[in-house]
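Position one of the sequence shown corresponds to residue -5 (my numbering), numbered consecutively onward.
By construction, the Cβ of each residue, glycine as well, lies at the ideal position given by its N, Cα and C atoms.
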Amino acid sequence: MSTILGYFVSPQELQHIKKISASNAQKLSKQRRSQTESGLTSDDTVLKQSIRLGGRIFIIGSSILTVVDTVRSRAYNSRGIGPWSKRLNIRIPLSLSLLLLLHRLCYRTAIRLQSKVSSLNVTLAAPSGKLKKIIMSPMASSFAAALSGIVLVSIPSDNARLSISVYIFAKTMEYLSNALYVSGRVPWWFGSWLLFPLSFSQLFHTFLTGGESVPYIYKKAITTFPIANESNKRALDTLSTSRRTTQMNEVARLGFPAFHSGILFPQKALNQRETSSVTWEAHPAIVRLSCAIAHPKTVSCFAVYLKYIVQQLGKNSRIFFAIYSISFLSKLRSFGIFSLAPIADLLRKTIKTSSFVTLAVASSWSAICLLQRIGPKNILNHNSFYISGFLGGLMAFCDREGGHPIFLDAARSAAISWWKVHRNSKYLRRIPSPEAIILIISIATLNILYDANPNAITSKGARKMIELLRGPGRIEDPSSEMQIEQQTLHPKINTIS
-5 MSTILGYFVS PQELQHIKKI SASNAQKLSK QRRSQTESGL TSDDTVLKQS
45 IRLGGRIFII GSSILTVVDT VRSRAYNSRG IGPWSKRLNI RIPLSLSLLL
95 LLHRLCYRTA IRLQSKVSSL NVTLAAPSGK LKKIIMSPMA SSFAAALSGI
145 VLVSIPSDNA RLSISVYIFA KTMEYLSNAL YVSGRVPWWF GSWLLFPLSF
195 SQLFHTFLTG GESVPYIYKK AITTFPIANE SNKRALDTLS TSRRTTQMNE
245 VARLGFPAFH SGILFPQKAL NQRETSSVTW EAHPAIVRLS CAIAHPKTVS
295 CFAVYLKYIV QQLGKNSRIF FAIYSISFLS KLRSFGIFSL APIADLLRKT
345 IKTSSFVTLA VASSWSAICL LQRIGPKNIL NHNSFYISGF LGGLMAFCDR
395 EGGHPIFLDA ARSAAISWWK VHRNSKYLRR IPSPEAIILI ISIATLNILY
445 DANPNAITSK GARKMIELLR GPGRIEDPSS EMQIEQQTLH PKINTIS
């Protein structure tokens, strides 16, 4: 190239051109750096960046979901239903792209509107004055940006909309609880473990009343109780465990009547034909029909409770030890010098979690028997399942420091289960797009919390996501009235204790 240029420019002129181009490049790089640091970009640049990023999200998301959908279709020998424009692998990435564009547009528009209004030094009338206060509110931009959550209605699947909105709502409540916990405004026992009694009561009730919306892992845990303590497994093999446990729904409908064994009282047993297929092998000394279903071979409820804990605690310990060992091995290099402290922590977490899960299941089933002794039968009925699950869920206090992921997962599962059971009620049918409303509330809360206490959002990924939704650079509020006083949070908090 230098040989060719030598025919057109002299060496002195070529050297001068290089100096000019180098100085221009340095000035341009400094200008771009200062522009990025100050966050001042033109409308055209912000719009282009938003469209470009939204397009990339759509392309990458649709490609990943298409691959997953193709693999799943081939595995189950099924084909995609409906036209391509209505499939989830297109609609979900499209909704996320539109959410990004609308969130940036609404947020930046609200900030600039506040800047324009604050520059007006005119005393307005009462209606206009109230409107000005609303516009100048520190939360106005957050609520305006949250309106972008309406794009959730573009997803055709009810389950997909519900899963997305419930997941974001659960994370929002987690970060909000973090801020409350660190601020010192809550008692020492406050934490995410308080979610588990409410969540498990819903899951336990839904499972026993024959609901199909309970996740498999919770079904598996609940159904370990009736068979884990029985010595005669062959008798129980004649009927599935799910059928045995769902018969509790019929018992509750009958008002938890007394149990009459077909061996001792064949005439009275004819009145219990609804449950005779389940209780035909029950011990004759059992006096309650719920006990005949829960533990047909053992008379004492307390003996069943203790026997189940002894047998199931070892099984659960092996499962959770394997799960926690994976995390332990992944962090083994960071420990450096060999120490017994990480191993002791692994064993302590295993014992706490396995004890909590075992006691929760055992206490829930045993509470049904307890309520038949002390509670009014004509009032409890199906409500006894809620109370039993709640009492069993209180065992989460044993693992209140380390069971945070389990508590949040149970809360999400319970919310989805409750919605699937009650979505056809006359009250919920009157609410238009309740999933979108939940998402809008969650986005508004996240934005407000990010402005007030950024450190309360303990996940770096969540903070990056909020910054991504707001756009490049940070637009400063125009007046001191709009500045939200930030609270100092504890730097070590990662989860709710």
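Tell me, to the nearest whole angstrom, how far the beta carbon of residue i is from that of residue j; I am working on the premise that it is less than 8 angstroms.
i, j, result
"Leu443", "Ala450", "6 angstroms"
"Phe194", "Ala409", "Actually they are not in contact, since the Cβ atoms of Phe194 and Ala409 sit about 13 angstroms apart, beyond 8 angstroms."
"Pro191", "Ala390", "7 angstroms"
"Val147", "Ala446", "About 29 angstroms; that fails the 8 angstroms criterion."
"Leu107", "Ile129", "6 angstroms"
"Trp412", "Leu156", "Actually they do not touch by this definition, with Cβ atoms about 11 angstroms apart."
"Leu90", "Gly55", "6 angstroms"
"Phe314", "Leu340", "The pair is not a contact, with the Cβ atoms about 10 angstroms apart (cut-off 8 angstroms)."
"Ala246", "Val281", "With a Cβ gap of about 17 angstroms, Ala246 and Val281 do not count as contacting."
"Gly185", "Asn243", "Actually they do not touch by this definition, with Cβ atoms about 33 angstroms apart."
"Ser151", "Leu82", "6 angstroms"
"Ser207", "Val415", "6 angstroms"
"Ser436", "Ile162", "5 angstroms"
"Val298", "Ala279", "That belief does not hold up - the Cβ atoms of Val298 and Ala279 are roughly 13 angstroms apart, past 8 angstroms."
"Ala335", "Tyr302", "Not confirmed; about 33 angstroms, so no contact."
Specify the secondary structure class of residue i as computed by DSSP and reduced to three states.
i, result
"Arg417", "coil"
"Ala279", "coil"
Along the chain, where does the alpha helix (DSSP H) containing residue i start, and where does it finish?
i, result
"Glu429", "Pro428 to Ala446"
"Ser171", "Asp152 to Val176"
"Thr203", "Counting along the chain, Thr203 falls outside any alpha helix (DSSP H), and DSSP gives it neither H nor E."
"Ala139", "Ala134 to Ala140"
"Arg102", "Leu82 to Ser112"
"Gly386", "Asn377 to Gly387"
"Leu146", "Per DSSP, Leu146 belongs to no alpha helix (DSSP H) and is neither H nor E."
"Arg424", "Run containing Arg424: none; DSSP gives neither H nor E here."
"Ile460", "Lys454 to Arg464"
"Ala215", "Tyr210 to Ile216"
Roughly how many angstroms separate the alpha carbons of residue i and residue j, rounded to a whole number?
i, j, result
"Leu374", "Ala288", "18 angstroms"
"Ser284", "Gln196", "19 angstroms"
"Gln306", "Arg179", "39 angstroms"
"Ser382", "Ser319", "33 angstroms"
"Thr452", "Val176", "12 angstroms"
"Ile434", "Leu248", "43 angstroms"
"Ala438", "Ala139", "7 angstroms"
"Ala164", "Pro448", "18 angstroms"
"Lys110", "Leu99", "16 angstroms"
"Ile337", "Lys343", "10 angstroms"
"Tyr380", "Trp182", "27 angstroms"
"Gln9", "Gln43", "37 angstroms"
"Leu230", "His277", "Confidence in Leu230 is poor, its pLDDT being 46 and thus under 50, which makes the residue's placement unreliable; the coordinate value appears in the next sentence. Those two C-alpha atoms are separated by around 13 angstroms."
"Ser225", "Ile158", "With a pLDDT of 46 at Ser225, under the threshold of 50, the modelled position of that residue is not reliable, and no figure is offered here."
"Ser171", "Phe401", "13 angstroms"
"Leu365", "Ser348", "26 angstroms"
"Leu95", "Lys214", "43 angstroms"
"Lys13", "Ala104", "45 angstroms"
"Leu189", "Glu168", "11 angstroms"
"Asp37", "Pro466", "Legend: pLDDT at Asp37 = 45, less than 50; position of this residue unreliable, value from coordinates given subsequently. Looking at the two C-alpha atoms, the distance is approximately 11 angstroms."
"Phe296", "Ser136", "54 angstroms"
"Tyr212", "Thr218", "10 angstroms"
"Asn418", "Thr200", "15 angstroms"
"Gly308", "Leu47", "51 angstroms"
"Cys392", "Tyr210", "24 angstroms"
"Ser358", "Lys454", "38 angstroms"
"Ala495", "Ile432", "The question about residue 495 has no answer here: the residues shown for the chain are numbered -5 through 491."
"Arg423", "Gly369", "35 angstroms"
"Arg394", "Lys346", "9 angstroms"
"Ser560", "Lys126", "The structure shown does not extend to residue 560, since the chain spans only -5 to 491, so no value can be given for it."
"Phe52", "Gly387", "41 angstroms"
"Leu385", "Lys124", "49 angstroms"
"Tyr101", "Ser112", "17 angstroms"
"Ala456", "Lys291", "52 angstroms"
From the beta carbon of residue i, is the nearest beta carbon of chain B less than 8 angstroms away?
i, result
"Gln108", "Absent from the structure: chain B. Only one protein chain is present."
Which runs of the alpha helix (DSSP H) spanning at least 4 residues fall entirely within the segment 287 to 371, listed in chain order?
-> Complete alpha helix (DSSP H) runs here, min 4: 295 to 324 and 335 to 368.
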